[in-house]
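**Q**
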Amino acid sequence: MDQKLHIALVSTHFAPEITPITHLYTDLAEDLCRFGARVSVVTKLPGHDMSEEERAAFFTRRDETAPEGYRILRVGRKARRGANLARRALRAMQNTWAIYRAAKKLKADVYILCSMPAYLGLVGARLSRRARTIYILQEIFPDNLVAAGTYTEWHPFVRLCRRLEQHIYRNNSAFVTLSEEMKRTLIARGIEAQNIAVIPNWADTDSIRPVSRKDNALFDELNLPRDAFYAVYAGRLDFLQEPDVLLDAAKQLANEKDIRFVIFGDGALREHVENRIEREQIENVQLFSLLPAERTAEVYSIADIALVPLKKGMTRIAVPSETWLALAAGRPVIVCAEAGSEWARSIERESYGVCITPGEPQEMADAILRLHASTVALDELGKRARNYACEHASREQATRAYYHWIRA
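Offset between the sequence shown (1-based) and our numbering: plus 258.
1. Going by alpha carbons, who is nearest to P501 out of F477, H530, L286, S269?
2. Which same chain residues, not among the five before or five after T284, have their C-beta less than 6 angstroms away from its C-beta?
3. Tell me which residues share the same chain as I575 and place their Cβ nearer than 7 angstroms to its Cβ, disregarding the 5 neighbours each side in the sequence.
4. By how many angstroms is the C-alpha of V434 removed from the C-alpha of G305?
5. Measuring CB atoms only, is the region 452-468 touching the region 532-547, in the sense that at least three cross pairs come out at less than 8 angstroms?
6. Can you tell me whether S652 is helix, strand or coil according to DSSP?
7. According to DSSP, is Y369 part of a helix, a strand, or is it coil?
8. Evaluate M259 with the Cβ neighbour count: other Cβ atoms within 10 Å of its Cβ, from every protein chain shown; 16 or more gives buried, anything less gives exposed.
9. Does DSSP classify S559 as helix, strand or coil?
10. Taking all protein chains shown into account, do 16 or more other C-beta atoms lie within 10 angstroms of the C-beta of T323, making it buried, or fewer, making it exposed?
11. Does M351 pass the burial test, meaning 16 or more other C-beta atoms within 10 Å, or should it be called exposed?
12. Indicate the three-state DSSP secondary structure (helix, strand or coil) for E439 in the structure shown.
13. Could you check whether the region 517-532 touches the region 593-607, counting it as contact only if at least three pairs of C-beta atoms, one from each stretch, sit closer than 8 angstroms?
14. Could you spell out where the alpha helix (DSSP H) holding Y427 opens and where it closes?
15. From this set, A366, I426, R484, which residue's C-alpha is nearest G379's C-alpha?
16. Smallest Cα separation from G294: which of Y328, K302, S373?
17. Taking DSSP as the reference, what is the three-state secondary structure of F272?
18. Look at L263 and S298 and say whether their C-beta atoms are less than 8 angstroms apart.
19. Using C-beta distances below 7 angstroms, list every residue in its chain close to A383, excluding the 5 sequence neighbours before and after it, in chain order.
20. Report the partner residues of L548 according to the DSSP bridge assignment.
21. Measure the Cβ-Cβ separation of W460 and S652 and say whether it is below 8 angstroms.
22. Work out the CA separation of R313 and G611 for me, nearest whole Å.
23. Give me whichever residues DSSP pairs with Y491 in a beta bridge.
24. Select from R349, F519, Q499, T270 the residue whose C-alpha is nearest the C-alpha of A508.
25. Any idea what DSSP makes of R467, helix, strand or coil?
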């Protein structure tokens, strides 16, 4: 029976695209195959943060089998750089329709759909007429737009999204979210508790391990001196984070010559970050693009401390996956989260970092200075961080939890 279970994983972004969560779906597809299922991935043609040459390589690779055993169906229109908003919206609609049609033809036993972007929940609502659908909420939409300050709750677009949100909740079969806080938010929206599984994002703790400074090739590739103290952020630069807090904290620490900030990021706010660094001459911050998943251990091992600059209120609607990656690499974290949140309680209980008030660059600067002055304690924090990741966010634990939930 298990051998015949056909699982369709539907995601707009998939390897080889580089995003903070692409590796999760690659791991999930591989492990579900390993657990005995037949897995088909339905995704659009890759294009996110890729060169034209890299995109072109996939134009004729629309149906292939990965070495790990799962099938990949790439559908939709070719991505074009520089398209205006109207063209991008039209292409998104065309790709969504192509994804739905391809997924429907698979006749899977279970469909797993990813919430980034949120409109895949509508695809799931439609597919639920054919089979069980499981919708993964990486973020709760449109709460993320309101919390980020992009729109107000009474904006016509948000009011439309609220109606679509309820349609998604009513018509998908089951849901996965990342924390108990997010689960409580979903229950308040009307989803039955028994239809929600809490499965945190994970880090591949087997492949992501601390890399010593002398063995970390990134220091030479990026021309970073090994004897500096590094505060590192790696992930999306979008409206759920507050990169300005990083930049403002860096300005306050400008006279601490051995403390440097390194940002690995792409996204909607990257240009804003670039402009601020150049305009304000913030010389202790260096900005790089996200690197492929196989270099994650090296990226975080540059850090003496890893930064997670969440906006206020975000922990009830999202959990930053990059936190787990930093912990797996044995790096203590400074997390912006409200007192009483799951992250705040976890850090207080396990002592693998510092929790500070969101939106407070002075608190971040002070926390960095405290950790900078405590080199012995920093090593101990790193060991606790690694242990916590292995115990609570390993790939094996998470993907097996998905498998059991799918079969429930």
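Even for Gly, the Cβ is constructed at its ideal location relative to N, Cα and C. Small disclaimer: the values here were computed from a predicted structure and weren't measured.
**A** Reading off the structure:
1. Nearest option by C-alpha distance: H530.
2. Hits under 6 angstroms: A273.
3. E397, I398, D401, N402, A405, M440, T443, listed in sequence order.
4. If I take the Cα positions, the gap works out to 27 angstroms.
5. Flag = no, the region 452-468 and the region 532-547 do not touch.
6. Reduced to three states, the DSSP call for S652 is strand.
7. In the displayed model, Y369 falls within a strand according to three-state DSSP.
8. Residue confidence is low: M259 scores 41 on pLDDT, short of 50, so the model does not pin down where it sits. Its coordinate-derived value is still stated next. With fewer than 16 neighbouring CB atoms inside 10 Å of its own CB, M259 falls in the exposed class.
9. Under the three-state reduction of DSSP output, S559 falls in the helix class.
10. Exposed, because fewer than 16 other Cβ atoms sit within 10 Å of the Cβ of T323.
11. Counting Cβ neighbours within 10 Å, M351 comes out exposed, since fewer than 16 surround it.
12. Correct three-state label for E439: helix.
13. No contact exists between the region 517-532 and the region 593-607.
14. 414-429 is the extent of the alpha helix (DSSP H) around Y427.
15. For G379, the nearest C-alpha among the options comes from I426.
16. Among Y328, K302, S373, the Cα nearest to that of G294 belongs to Y328.
17. In this structure, F272 counts as coil in the three-state DSSP scheme.
18. No, they are not a contact pair.
19. Apart from sequence neighbours up to five positions away, the residues of its chain that approach A383 with a beta-carbon distance below 7 angstroms are H425, I426, N429, N430, ordered along the chain.
20. Beta-bridge annotation (DSSP): L548 is not paired with any residue.
21. Yes. Within cutoff.
22. Those two C-alpha atoms are separated by around 40 angstroms.
23. DSSP lists I521 as partners of Y491.
24. Nearest C-alpha to A508: F519.
25. In the structure shown, R467 sits in coil (DSSP, three-state: anything other than H, G, I, E or B).
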